[in-house]
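Student: Using my numbering, the letters of the sequence shown map in sequence onto residues 13 to 271. Backbone N, C-alpha and C fix where the C-beta goes; we use that ideal spot for every residue, glycine too. Since we're looking at a predicted model, the values are computed, not measured.
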Amino acid sequence: AEYMGIQSEKMASLGELTAGIAHEIQNPLNFVNNFSEVTAELAEELESELERDDKEEAKAIVSDIRQNLAKITHHGKRADSIVKGMLEHSRTSAGHKEPTDLNKLAGEYLQLAYHGVRAKNKDFNARLVTDFDEQLPKANVAPQEIGRVLINLFNNAFYAIGERQKKAGKDFEALLKLTTGFDHNQVKLTIKDNGSGIPDTIRDKIMQPFFTTKPTGQGTGLGLSLSYDIVVKTHGGKIEVQSVPGEGSEFILFLPLNA
Numbered sequence: 013a014e015y016m017g018i019q020s021e022k023m024a025s026l027g028e029l030t031a032g033i034a035h036e037i038q039n040p041l042n043f044v045n046n047f048s049e050v051t052a053e054l055a056e057e058l059e060s061e062l063e064r065d066d067k068e069e070a071k072a073i074v075s076d077i078r079q080n081l082a083k084i085t086h087h088g089k090r091a092d093s094i095v096k097g098m099l100e101h102s103r104t105s106a107g108h109k110e111p112t113d114l115n116k117l118a119g120e121y122l123q124l125a126y127h128g129v130r131a132k133n134k135d136f137n138a139r140l141v142t143d144f145d146e147q148l149p150k151a152n153v154a155p156q157e158i159g160r161v162l163i164n165l166f167n168n169a170f171y172a173i174g175e176r177q178k179k180a181g182k183d184f185e186a187l188l189k190l191t192t193g194f195d196h197n198q199v200k201l202t203i204k205d206n207g208s209g210i211p212d213t214i215r216d217k218i219m220q221p222f223f224t225t226k227p228t229g230q231g232t233g234l235g236l237s238l239s240y241d242i243v244v245k246t247h248g249g250k251i252e253v254q255s256v257p258g259e260g261s262e263f264i265l266f267l268p269l270n271a
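1. Suppose the cutoff is 7 Å on Cβ atoms and the five residues either side in sequence are ignored; what does the same chain contact list for L148 look like?
2. Please determine if the stretch 238-256 and the stretch 173-188 are in contact, where contact requires at least 3 C-beta pairs separated by less than 8 Å.
3. Quick check on the burial criterion: 16 or more other C-beta atoms within 10 angstroms. Buried or exposed for R160?
4. Measuring CA to CA, which of E49, K96, P111 is closest to L81?
5. Taking only three categories from DSSP, how would you classify L269?
6. If you measure between the beta carbons of G119 and T142, is that distance less than 8 Å?
7. Whole angstroms is fine: what's the gap from E252's alpha carbon to I84's?
8. Would you kindly work out how many angstroms separate the C-alpha atoms of R1 and S93, rounded to a whole number?
9. Under the assumption that F166 contacts L122 (Cβ atoms under 8 Å), give the Cβ distance between them as a whole number of angstroms.
10. Using a 10 Å radius around the Cβ and a threshold of 16 neighbouring Cβ atoms, would you call A138 buried or exposed?
11. Return the residue from the list P257, N197, Q38 that minimises the CA-CA distance to S208.
12. Answer with buried or exposed for E157, where buried requires no fewer than 16 other C-beta atoms within 10 angstroms of its C-beta.
13. Spell out whether any CB of chain D is found under 8 Å from the CB atom of L201.
14. Less than 8 Å separating the beta-carbons of L124 and E36?
15. In the DSSP assignment, what are the bridge partners of V256?
16. Helix, strand or coil for G249? Go by DSSP, reduced to three states.
17. Let me know the secondary structure DSSP gives E110 once reduced to three states.
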C-alpha cells in the first residue's frame with residue numbers, strides 16, 4: 013500500500029510538472045505559429061509587389077520577412093532549450109548527486125509549479141517574490157529529488173493561498189516569497205506564503221506518511237513525508253516549519269553543501 017501511495021504521489025507531482033512544462037513550451041510555440049502566419053502573408057504581398065515591379069516595396073517586405081524568421085528561430089530555440097533542460101532532469105538518476113545551482117533550480121520549479129496550478133485554475137493568481145543570494149555556492153544534491161520537494165512545497169503553498177483566497181474576498185493579495193541564503197555551510201531555502209496556515213494541533217503530524225488535510229482525492233498524504241525523507245535521510249538536511257493559522261506558513265530547508 014505504501015509503495016502504491018508513493019507511486020501515486022510521484023505521478024501527482026509529475027502531473028503538476030507536466031502542466032507547468034506544457035505552459036512554458038506553449039509561449040514560444042505561440043510566437044512561432046504567429047510569426048509563421050504573418051510571414052506567409054508577407055510572402056503573398058511580396059509576390060504582388062514583384063508582379064508590379066515595385067522593387068523598393070519588395071525590399072522592405074524581404075527585410076520584414078528576415079526579421080520574422082529571426083524571431084521564429086529565437087523562439088524555436090527557446091522551446092528546444094526547455095525540452096533539453098527537462099530531459100537532463102529526467103536523465104539524472106533519482107539518487108545521483110551533482111553540484112547544483114539552487115537559485116536556478118528553485119526559480120525554475122517555482123515557475124513550473126505556478127503555471128501548473130494556473131493550468132488547472134485560470135482564476136488563481138499570486139504575486140511571486142524571489143530574494144536570491146547571488147553568492148550562493150553550488151550544493152552537491154540530487155536535483156531531480158530536490159525538484160520534487162520544491163514542487164510539493166510550492167503546490168502546498170498555492171493550495172493554502174487558494175483556501176484563504178476563498179474566504180478573504182477580492183481585496184486579499186496572494187503572496188509567495190522564495191528566499192535563498194547560506195548559513196553554517198548549509199544552503200537555506202525559505203518558502204513563505206500568506207495562505208490559510210497550519211493549525212497548531214496538526215503541525216507535528218504533517219510530515220507523517222498518509223496524513224493529509226486536503227479533501228479526498230486531492231492529496232495522498234505522502235508529499236511532505238517523501239519531502240522529509242529526501243531532505244533529511246537522503247541529503248542529511250532538515251526541514252523547519254513555522255505557521256500562524258489564518259496568516260500563512262514558512263517552510264525552511266537546510267541542505268548541507270556536500271550532502
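Tutor: This is what the structure gives:
1. L114, N115, T192, F194, V199
2. no
3. buried
4. E49
5. coil
6. yes
7. 46 Å
8. Here the chain comprises residues numbered 13 to 271, so residue 1 is not present and cannot be evaluated.
9. 6 Å
10. buried
11. P257
12. buried
13. The question asks about chain D, but that chain is absent: this structure has only one protein chain.
14. yes
15. G260
16. coil
17. strand
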